[in-house]
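Asks: Let me give you the structure first, and then I'll get to my questions.
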DNA sequence: ATGCTTCTTGCAATCAATTGCAACTACAAG
DNA sequence: CTTGTAGTTGCAATTGATTGCAAGAAGCAT
């Protein structure tokens, strides 16, 4: 089953409709080889059909996220990136708070934690789109006075 | 050493200054008994001194975050909450994507994961302010068709 | 105290993202 | 094919948050 067929089926399951706008955004997501901002995605959609509004792109990307067709993360600059799942295996993101570098972590590496949370509190963590902030190895080495201590009132 | 003294010392270490505005925001943070939005914090600061601008509140809260005086998280509504550390022990947040409920996880529970990341990639995760999205036990039970499958292109 | 340098502030403009609403349209039923 | 209805869109306004900049003030040295 193609991605588009899968998408149509998920739409139907929820009583939603396939529109030209949604097809265009899906097509653009397939062309992306790297995570992109909503503005970048909008630019590509706009090139295909100039009448599509950016708010429609945002709404469609939200829909894709609900359907787990895309994952989102914020590399720390406050601008959300959308990443098509299927291009790469689902993975989590480590974002360096100092240099902004984004590295990936395979799902499996977080499995013990996710299993632990499920066992202790019943919380089922999303298996896509977890973003962990911190310092990458290089920045940690540079910034050695990063003690995090408890402050008394 | 009081929180304020600690704050002044951290300011001096970076060549920054103690201003009435920063003292006010710190005072308001101490009065909070629950995480608050920037707007709520601004309202309290404004009540103490009407001339303080909201952009100053945002800048000051950013500073507090750098100093690990506050932690921030987004419970899923797109509005950031600021939480004074010291009122409660530092902790991570589990945010339910369906009902918005926020539960807390002690630092220790994530220690194995953090240690694992440090060992494999050298990435030092922040020990405050990690937010994990997912479904709480109740919503998971209700929403049973949450399969996250890999979509072929 | 006084002056000087550098940081900080308030203001307004801006940015990314969301939302209300009326016009429009996908699509199933007849 | 036609119709009806509920989902969808474009537009404009709005929201939460950030930023550029000139005026102002903290804090150090004299």
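Chains as they are written, first to last, in my numbering: chain L, 1 to 153; chain Y, 1001 to 1153. For each residue, glycine too, the CB sits at the ideal point set by N, CA and C.
(1) Measuring CA to CA, which of 86(L), 71(L) and 73(L) is closest to residue 4(L)?
(2) Three-state secondary structure (DSSP) at residue 1052(Y)?
(3) Under 9 Å Cβ-Cβ, which residues of chain Y neighbour residue 11(L)?
(4) Nearest chain Y C-beta to residue 36(L) closer than 7 Å, yes or no?
(5) Under 8 Å by Cβ, that's how I've got residue 102(L) and residue 75(L) pegged, so tell me the actual separation to the nearest angstrom.
(6) Going straight from the alpha carbon of residue 1038(Y) to that of residue 57(L), what length do you get?
(7) Leaving out the 5 sequence neighbours to the left and right, which residues in its chain are closer than 7 Å to residue 11(L) when beta-carbon positions are compared?
(8) For a contact defined as C-beta to C-beta under 7 Å, what are the partners of residue 1124(Y) on chain L?
(9) Look at the Cβ atom of residue 132(L), then the Cβ atom of residue 1125(Y), and state whether they are nearer than 7 Å.
(10) Opposite residue 21(L) in the DSSP bridges: which residues?
(11) In angstroms, rounded to a whole number, what distance separates the CA positions of residue 1117(Y) and residue 1127(Y)?
(12) Name the chain Y residues whose beta carbon is nearer than 8 Å to that of residue 33(L)?
(13) Would residue 28(L) and residue 60(L) be called neighbours here (beta carbons separated by less than 7 Å)?
(14) Using the Cα positions of residue 1091(Y) and residue 123(L), report the straight-line distance between them to the nearest angstrom.
(15) Nearest chain L C-beta to residue 1113(Y) closer than 7 Å, yes or no?
(16) Given that residue 23(L) touches chain Y, what residues does it touch there, using C-beta distances under 7 Å?
(17) Check residue 1014(Y) in the structure and name its three-state DSSP category.
(18) Around the Cβ of residue 35(L), are there at least 16 other Cβ atoms within 10 angstroms (buried) or fewer (exposed)?
(19) Counting only the same chain and skipping the five closest in sequence on each side, list residues whose C-beta sits under 6 Å from that of residue 106(L).
(20) In this structure, what does DSSP give as the bridge partners for residue 1083(Y)?
(21) Tell me, please, whether the CB atom of residue 151(L) is closer than 7 Å to any CB atom in chain Y?
(22) Would residue 94(L) pass as an interface residue toward chain Y - the criterion being a Cβ-Cβ separation below 7 Å?
(23) If you reduce the DSSP assignment to three classes, tell me which class residue 1002(Y) lands in.
(24) Between which two residues does the alpha helix (DSSP H) containing residue 1115(Y) stretch?
(25) Measuring straight from C-alpha to C-alpha, what distance separates residue 1149(Y) and residue 138(L)?
(26) Cα separation between residue 130(L) and residue 1006(Y)?
(27) Please list the terminal residues of the continuous beta strand (DSSP E) segment that includes residue 127(L).
(28) On the three-state DSSP scale, how would you describe residue 1099(Y)?
Replies: To lay it out plainly:
(1) When the alpha-carbon of residue 4(L) is set against those of 86(L), 71(L) and 73(L), the nearest one is in 86(L).
(2) Coil at residue 1052(Y), not helix or strand.
(3) Within chain Y, no residue comes near residue 11(L); the closest Cβ sits about 14 Å away, beyond 9 Å.
(4) Not an interface residue.
(5) Taking 8 Å as the upper bound for CB-CB distance, residue 102(L) and residue 75(L) are in contact here, some 5 Å apart.
(6) Rounded to whole angstroms, the separation of the alpha carbons of residue 57(L) and residue 1038(Y) is 28 Å.
(7) Within its own chain, the residues whose Cβ lies closer than 7 Å to the Cβ of residue 11(L), once the five positions on either side in sequence are excluded, are 17 and 18, listed in chain order.
(8) Going along chain L in sequence order, the residues near residue 1124(Y) (Cβ under 7 Å) are 134, 135 and 140.
(9) Cβ distance < 7 Å, so residue 132(L) and residue 1125(Y) count as in contact.
(10) Per the DSSP secondary-structure output, residue 21(L) pairs with nothing in a beta bridge.
(11) Taking the straight line joining both Cα atoms gives about 13 Å.
(12) The contacting residues do not exist; residue 33(L) stays about 12 Å from chain Y at best.
(13) For residue 28(L) and residue 60(L), no; Cβs fall outside 7 Å.
(14) Going by C-alpha positions, residue 1091(Y) is about 16 Å away from residue 123(L).
(15) With 7 Å as the cut-off, residue 1113(Y) counts as an interface residue toward chain L.
(16) The premise fails here: residue 23(L) is roughly 15 Å from chain Y at the closest Cβ pair, so nothing lies under 7 Å.
(17) Here residue 1014(Y) sits in coil by DSSP.
(18) Result: buried.
(19) Cβ contact annotation for residue 106(L) (same chain, cutoff 6 Å, sequence separation greater than five): 91, in chain order.
(20) For residue 1083(Y), which the question treats as bridged, DSSP gives the partners 1071(Y).
(21) With a pLDDT of 34 at residue 151(L), under the threshold of 50, the predicted position of this residue should be treated as unreliable, though the coordinate-derived value follows. Yes - at least one Cβ of chain Y is within 7 Å of the one on residue 151(L).
(22) With a threshold of 7 Å between beta carbons, residue 94(L) makes contact with chain Y.
(23) Note: residue 1002(Y) maps to coil in three-state DSSP.
(24) For residue 1115(Y), the enclosing alpha helix (DSSP H) begins and ends at 1107-1121.
(25) Confidence at residue 1149(Y) is low in this model, with a pLDDT of 37, below 50, so its placement is unreliable and no value can be given for it.
(26) CA-to-CA, the gap between residue 130(L) and residue 1006(Y) works out to about 33 Å.
(27) Taken as a continuous stretch (DSSP letters only), residue 127(L) belongs to no beta strand (DSSP E), as it is neither H nor E.
(28) Collapsing the DSSP output to three states places residue 1099(Y) in coil.
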